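What follows is one structure encoded as structure tokens, with my remarks underneath.
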Amino acid sequence: MRFIPGVIPAAGTLSFSFEGREVSAYPGETLASALMRAGVQVLRHTRIEDQPRGYFCGMGVCWECAVFVEGTGIVRSCGEPARPGMVVRLAEAGV
Ligand code: FES
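In the numbering used here, the protein residues as written are -10 to 84.
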């Protein structure tokens, strides 16, 4: 099933963890979308000044939405579909 913003799919939800917290997502929904719905705004911190960063362009250009996915590495959460059981953490400093 494809996720269409603004349309709540009839299918059920899946869940993944972010920093140890369970987050639900619709099939096909991106990590960024699910995290925003869950109230998560900070996805990484800057290397030099440790400033919080999060979703910005929403189209895979800025990398502000980078997160770390176990088994995969650093990804742009705005372009990464949520999958059941994913373990997601704040991206390490320097991304
Ligand atoms: S929000 Fe800009 S790359 Fe994801």
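Virtual Cβ for every residue (Gly too), placed ideally from N, Cα, C.
All of these numbers come straight from a predicted model, not from anything done at the bench.
Which residue from the options puts its Cα closest to that of residue i?
i, options, result
"proline 16", "Met75, Gly28, Asp39 and Arg36", "Met75"
"valine 58", "Glu38, Leu32 and Ser13", "Leu32"
"arginine 4", "Pro73, Val77, Arg78 and Ala80", "Inspection of the sequence shows that residue 4 is occupied by serine rather than by arginine. The shortest C-alpha separation from serine 4 is found at Pro73."
"threonine 35", "Ser6, Cys54 and Ser13", "Cys54"
"alanine 0", "Arg78, Ala14, Leu20 and Arg65", "Ala14"
"cysteine 51", "Phe7, Arg78 and Val64", "Val64"
"glycine 68", "Glu11, Phe7 and Leu20", "Leu20"
"valine 56", "Glu11, Ser6, Leu79 and Val29", "Leu79"
"serine 66", "Thr2, Gln30, Glu38 and Gln40", "Gln30"
Would you say residue i touches the ligand FES, meaning its beta carbon is less than 6 Å from a heavy atom?
i, result
"arginine 105", "The requested residue 105 is not part of the displayed model; the chain covers only -10 to 84."
"phenylalanine 45", "yes"
"glutamate 53", "yes"
"glycine 49", "yes"
"arginine 65", "yes"
What first and last residue would you give for the alpha helix (DSSP H) that runs through residue i?
i, result
"arginine 26", "20 to 26"
Name the two residues that bound the continuous beta strand (DSSP E) containing residue i.
i, result
"glutamate 38", "Element bounds for glutamate 38: n/a, residue is neither H nor E."
"valine 64", "62 to 65"
"phenylalanine 5", "3 to 7"
"glutamate 11", "10 to 14"
"phenylalanine 57", "55 to 58"
"leucine 79", "76 to 79"
Quick one: is the Cβ of residue i within less than 6 Å of any heavy atom of the ligand FMN?
i, result
"arginine 42", "Among the ligands present in this structure, namely the ligand FES, the ligand FMN is not found."
Exercise for the section: Say whether the region 40 to 55 touches the region 11 to 30, bearing in mind that this needs 3 or more beta-carbon pairs closer than 8 Å, one atom from each stretch. Expected result: yes
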